[in-house]
Amino acid sequence: MSSELREIWTDAGGRAPAHWSFVRFEDLLAGPKSIAVGVMYPGSHDESGVPLIKVSDVKNGAVVAEPAFRISELVNHEYRRTSLCGNELLITLVGNPGDCAIVDDSMAGWNAARALAVVRLKDPTIRPWLRYVLLSSTAKHLIDARLNTTVQKTLNLKDIRSLPIPIAPQVERNTIVETAAALEHKINVNLQINQTLEQMAQAIFKSWFVDFEPVKAKIAALEAGGSEEDALRAAMQAISGKGEAELTRLQAEQPEQYTELRTTAELFPSAMQESELGEIPEGWNVTRVNEIAEIVKGKSYKSAELEPSQTALVTLKSFNRGGGYRLDGLKEYTGKYKSQQEVMAGDLIIAYTDVTQAADVIGKPAMVIGDERYEHLVISLDVAVIRPVDSALKPYLYGLAKTDTFQYHTKAHTTGTTVLHLAKNAVPEYPLALPSKALIDAYAGQATPLFTLINEKVQESRSLESLRDTLLPKLLSGELSMPSTIDQLVAEPQRAEREAT
Numbered sequence: 370m371s372s373e374l375r376e377i378w379t380d381a382g383g384r385a386p387a388h389w390s391f392v393r394f395e396d397l398l399a400g401p402k403s404i405a406v407g408v409m410y411p412g413s414h415d416e417s418g419v420p421l422i423k424v425s426d427v428k429n430g431a432v433v434a435e436p437a438f439r440i441s442e443l444v445n446h447e448y449r450r451t452s453l454c455g456n457e458l459l460i461t462l463v464g465n466p467g468d469c470a471i472v473d474d475s476m477a478g479w480n481a482a483r484a485l486a487v488v489r490l491k492d493p494t495i496r497p498w499l500r501y502v503l504l505s506s507t508a509k510h511l512i513d514a515r516l517n518t519t520v521q522k523t524l525n526l527k528d529i530r531s532l533p534i535p536i537a538p539q540v541e542r543n544t545i546v547e548t549a550a551a552l553e554h555k556i557n558v559n560l561q562i563n564q565t566l567e568q569m570a571q572a573i574f575k576s577w578f579v580d581f582e583p584v585k586a587k588i589a590a591l592e593a594g595g596s597e598e599d600a601l602r603a604a605m606q607a608i609s610g611k612g613e614a615e616l617t618r619l620q621a622e623q624p625e626q627y628t629e630l631r632t633t634a635e636l637f638p639s640a641m642q643e644s645e646l647g648e649i650p651e652g653w654n655v656t657r658v659n660e661i662a663e664i665v666k667g668k669s670y671k672s673a674e675l676e677p678s679q680t681a682l683v684t685l686k687s688f689n690r691g692g693g694y695r696l697d698g699l700k701e702y703t704g705k706y707k708s709q710q711e712v713m714a715g716d717l718i719i720a721y722t723d724v725t726q727a728a729d730v731i732g733k734p735a736m737v738i739g740d741e742r743y744e745h746l747v748i749s750l751d752v753a754v755i756r757p758v759d760s761a762l763k764p765y766l767y768g769l770a771k772t773d774t775f776q777y778h779t780k781a782h783t784t785g786t787t788v789l790h791l792a793k794n795a796v797p798e799y800p801l802a803l804p805s806k807a808l809i810d811a812y813a814g815q816a817t818p819l820f821t822l823i824n825e826k827v828q829e830s831r832s833l834e835s836l837r838d839t840l841l842p843k844l845l846s847g848e849l850s851m852p853s854t855i856d857q858l859v860a861e862p863q864r865a866e867r868e869a870t
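This is how it looks when you write it as structure tokens:
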């Protein structure tokens with residue numbers, strides 16, 4: 370049997386050292402019923418229910434965050450056969466069939482959606498090895514040949530069971546897994562860094578433009594009988610999070626930073642005023658998005674126009690749930706488009722359509738990330754680009770679109786059941802309190818370096834992913850001996866990738 374499976378693997382373009390053995394995937398299962406499809410009928414979102422992992426939650430061999438959608442305890446009990454214990458493997462059946470994620474203890478008690486196979490193995494420690502085998506180009510070729518494409522590309526459980534799996538001796542297996550895992554660890558660290566940077570930018574925005582903390586700090590200081598200087602120092606504390614003693618030390622040890630902080634605090638007024646939006650800082654003006662930016666909807670397209678090209682469409686799939694840009698959502702496109710519908714790295718886009726049950730995408734913003742594979746990026750009809758009259762407004766508008774108030778507004782202007790649509794004027798006519806030009810510039814000065822670093826980390830992760838995909842088939846075939854310095858591969862992905870090829 371092992372020789373027959375090796376032959377299947379070889380016919381699919383794979384190679385493996387002669388001393389490696391081959392088994393069928395089903396031979397690794399804990400039992401005949403140890404692979405099952407997840408929840409078929411999840412029902413409505415239950416805020417207090419059980420997290421349900423969907424295909425979109427699986428990326429780079431991991432569940433990227435706690436799922437937004439939750440099922441009721443009743444539904445979870447009905448599908449208790451796929452309730453997770455913390456030692457399973459999840460395999461995607463649609464979208465990118467054959468991708469997989471390793472379940473850990475933090476996910477115990479969660480459940481999986483019907484587009485995922487929940488796999489329980491005799492030996493759970495083999496999960497990382499099995500995952501990298503399934504990531505290989507040979508396994509993908511075998512999987513693609515087995516896909517049912519009647520409606521959408523779908524991988525069946527019986528076809529997973531029949532897949533040939535090469536098994537290296539334990540020592541080699543561990544070393545290969547450690548090599549690939551080191552690269553993916555750096556990718557995941559970059560993801561965590563980017564999430565932190567995003568949170569930092571949004572925390573500043575909320576403090577300055579939603580909660581008006583520096584303004585309220587000045588008002589409180591003056592109402593307590595303090596001087597204008599006391600009010601300014603209070604605003605500096607609100608902006609920096611530093612106490613009075615820390616500000617004094619900052620002034621002595623880092624005078625330039627202290628001066629910059631003081632200058633920023635001076636930009637905030639010390640009083641509030643009434644407006645159609647309620648109380649806003651004195652001197653700020655109520656305006657609408659279309660008065661400070663141009664909003665352009667994207668291009669409708671035909672499936673016949675989705676052919677190999679140097680132009681790609683930025684689509685609904687280019688949005689993460691909750692907002693943010695996905696690198697894997699592009700579709701190559703050969704049709705025509707207007708120049709206004711072309712976007713560049715750093716452009717602000719908004720999702721105008723949604724097919725998620727919890728409306729996790731509609732009205733959400735993202736900053737476009739460049740892709741060197743394509744000469745042009747064009748937004749699809751499901752997407753709009755927001756081009757402010759002043760580029761410094763871009764980080765401000767992105768932060769605005771992330772606020773709860775903006776999201777409530779877009780949801781109130783959404784129609785549809787299965788497919789959600791955002792009203793054409795929902796974004797253009799959104800009212801906002803606009804600060805002074807100087808304050809907008811100050812926020813851009815704080816936020817832009819954070820977004821620049823996010824982009825750098827994304828590009829680094831892209832190189833690491835490319836390196837992993839280059840190394841993996843060579844490692845699994847025995848063609849490439851084990852790298853002597855994993856840290857060097859991780860630290861210099863582009864150079865290492867050139868050497869590997």
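Residue numbers (our numbering): 370 to 870. The beta-carbon is built from N, C-alpha and C at its ideal position, and this holds for glycine as well.
Item to check | Which of helix, strand or coil DSSP assigns to Leu-601 | outcome: Assignment of Leu-601 by DSSP, reduced to helix, strand and coil, places it in the helix class.
Item to check | Own chain, CB closer than 6 Å to Phe-312, minus 5 neighbours either side, in chain order | outcome: This structure leaves residue 312 out entirely; the chain is present only between 370 and 870.
Next on the checklist: Which same chain residues end up closer than 7 Å to Leu-789 when comparing Cβ atoms and leaving out the 5 residues on each side of it in sequence?
Outcome noted: Taken in chain order, the residues that qualify are Thr-722, Asp-723, Ala-728, Ile-731, Thr-783.
Item to check | Cutoff 7 Å; reference Leu-636; Cβ partners in own chain excluding five residues on either side | outcome: Within the same chain, Leu-636 has close Cβ partners Ser-805, Ala-807, Leu-808, Ala-811.
Checklist entry - On the three-pair Cβ rule with 8 Å, is the segment 681-696 touching the segment 748-767? => result The segment 681-696 is in contact with the segment 748-767.
Checklist entry - Relative to the C-alpha of Cys-469, which residue among Lys-402, Ala-387, Asn-689, Glu-457 is closest? => result With distances taken between Cα atoms, Cys-469 lies closest to Glu-457.
Item to check | Lys-522 - partner residues in DSSP beta bridges | outcome: Note: Lys-522 sits in no beta bridge, so no partner.
Checklist entry - Taking the C-alpha atoms as reference points, what is the distance between Ile-512 and Val-758? => result Approximately 49 Å, taken between the alpha carbons.
Checklist entry - How long is the line joining the alpha carbons of Ile-440 and Ser-687, rounded to whole angstroms? => result So the two alpha carbons sit approximately 26 Å from each other.
Next on the checklist: Quick check: the Cα distance between Ala-405 and Ser-760, rounded to an integer number of angstroms?
Outcome noted: Distance from the CA atom of Ala-405 to the CA atom of Ser-760, rounded to whole angstroms, is 51 Å.
Checklist entry - Just the Cα atoms here: how many angstroms apart are Val-737 and Ile-719? => result Whole-angstrom Cα-Cα distance: 10 Å.
Next on the checklist: For Pro-533, count the other beta carbons within 10 Å of its own beta carbon; 16 or more makes it buried, fewer makes it exposed. Which is it?
Outcome noted: A residue is called buried once 16 or more other Cβ atoms fall within 10 Å of its Cβ, and Pro-533 is buried on that count.
Next on the checklist: Let me confirm a value: Leu-601 is counted as buried when at least 16 other C-beta atoms fall within 10 Å, else exposed. Which label applies?
Outcome noted: Within 10 angstroms of the beta-carbon of Leu-601 lie 16 or more other beta-carbons, which makes it buried.
Item to check | Contacting residues, own chain, Cβ-Cβ under 7 Å from Val-419 (five flanking each side not counted) | outcome: So the qualifying residues of the chain are Arg-439, Ile-440, Glu-442, Asn-445, Gly-478, Trp-479, Asn-480.
Next on the checklist: When you compare the CB positions of Leu-803 and Asn-654, do they come within less than 8 Å of one another, or not?
Outcome noted: Yes; because the gap between Cβ atoms is below 8 Å, this pair is in contact.
Next on the checklist: Based on DSSP bridge pairs, tell me the residues matched to Val-712.
Outcome noted: Per the DSSP secondary-structure output, Val-712 pairs in a beta bridge with Leu-746.
Next on the checklist: If distances are taken between C-alpha atoms only, which option among Asp-528, Glu-625, Ala-431, Lys-793 comes closest to Leu-462?
Outcome noted: When each option's Cα is compared against that of Leu-462, the closest is Asp-528.
Item to check | Alpha-carbon spacing of His-388 relative to Leu-566, whole angstroms | outcome: The straight-line gap from Cα to Cα measures roughly 47 Å.
Next on the checklist: Using 8 Å as the threshold, is the C-beta distance between Pro-535 and Leu-844 below it?
Outcome noted: Going by C-beta atoms, Pro-535 is not nearer than 8 Å to Leu-844.
Checklist entry - Would DSSP call Lys-666 helix, strand or coil? => result Correct three-state label for Lys-666: strand.
Item to check | Inside the segment 768-816 only - beta strand (DSSP E) runs reaching at least 3 residues | outcome: 789-791, 800-803, all fully within the segment 768-816.
Item to check | is_contact[Val-754, chain C] using C-beta, thresh 8 Å | outcome: Going by chain labels, chain C is absent from the structure shown, which holds only one protein chain.
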